[in-house]
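Reading through the structure tokens given below for one structure.
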Amino acid sequence: MSPHRRKPDVEASTRATRLAIPDHALAALEYQARRHYRRWWLDEAERLARMVVRFDVGRPGAWFVLGDIEMRRMNWERAFGHFQQAVDCRRGDSMAWCRGAEALYRMGELERAEDWARHAVSLEPPGGNPGAKRAKRFLNRHRADFEKSRLQEADASAAPTQKLEAFTTRPQPEHPANIHSLEDYRSTSAE
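The numbering of the sequence shown is our numbering, which starts it at 11 and goes up by one.
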């Protein structure tokens with residue numbers, strides 16, 4: 011079984027297998043799609059990557075190219091969807107996890123982005139790999155944003171009780187606008 015495939019049952023059900031398309035032919039198409047992407051020939055790269063995916067949905071390289079293309083086009087939701095497909099094909103691909111985190115960050119989903127980046131770092135083997143290193147840089151670069159997001163979430167969850175305390179704590183009735191009850195009114199009118 012090719013290292014690009016996740017499960018034998020997925021391999022047996024692919025169109026490429028039914029049509030007897032060799033694995034190296036799909037790998038060559040993925041390679042060409044990546045080359046076109048690097049040259050900014052996005053339409054041709056997308057055409058080739060989609061061709062690979064039509065033949066075999068279990069090819070993470072093709073999904074990865076599609077995700078990168080959408081990142082360049084600033085279509086963050088579609089990019090994340092493609093990176094998620096790449097992760098589904100190969101769970102241990104730290105670069106796909108990291109790129110998914112970058113797409114989530116651009117979508118404004120900071121908590122999920124941090125989770126995805128931390129997962130990418132956790133996949134780092136003893137010798138290291140580029141995806142985990144990129145994820146570490148991503149976490150360091152956006153640490154302040156992640157902390158700010160957590161503080162805002164904490165403030166949002168604490169805000170209703172703070173508002174309730176502010177409402178129930180009554181100021182001294184010195185001004186008619188501060189009178190909240192009949193007793194307050196009587197005490198201010200008696201003075």
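Glycine included, C-beta positions come from ideal geometry on N, C-alpha and C. Predicted model only: the values in this text are computed from it and were never measured.
query                                                                                                                                  : result
Please report how far the alpha carbon of leucine 149 lies from the alpha carbon of aspartate 78, in whole angstroms.                  : 19 Å
I think alanine 7 touches valine 131, with their Cβ atoms under 8 Å apart; what is that distance to the nearest whole Å?               : Residue 7 lies beyond the stretch modelled for the chain, which goes from 11 to 201, so this question has no answer here.
Taking the straight line between their C-alpha atoms, what separation do you get for methionine 61 and arginine 147?                   : 33 Å
Using a 10 Å radius around the Cβ and a threshold of 16 neighbouring Cβ atoms, would you call tryptophan 50 buried or exposed?         : exposed
To the nearest whole angstrom, what separates the beta carbons of alanine 59 and leucine 76, a pair I think is in contact under 8 Å?   : 5 Å
Do glutamate 124 and serine 104 have their beta-carbon atoms positioned less than 8 Å apart in this structure?                         : no
By Cβ distance, which residues of its chain are closer than 7 Å to glycine 121, with the 5 residues on each side in sequence left out? : As written in the sequence, residue 121 is glutamate, which differs from the glycine given in the question. Excluding positions up to five away in sequence, the list reads Ser159.
Nearest-angstrom Cα distance between aspartate 53 and tyrosine 47?                                                                     : 9 Å
In angstroms, rounded to a whole number, what distance separates the CA positions of alanine 38 and glycine 110?                       : 24 Å
May I have the straight-line CA-CA distance separating arginine 57 from asparagine 85, to the nearest angstrom?                        : 17 Å
Using the Cβ count rule (16 or more neighbours within 10 Å means buried), how would you classify alanine 55?                           : buried
Measure the alpha-carbon distance for leucine 161 versus phenylalanine 93 and round it to whole angstroms.                             : 28 Å
Inspect the beta-carbon positions of alanine 43 and alanine 89 and report whether they are closer than 8 Å.                            : no
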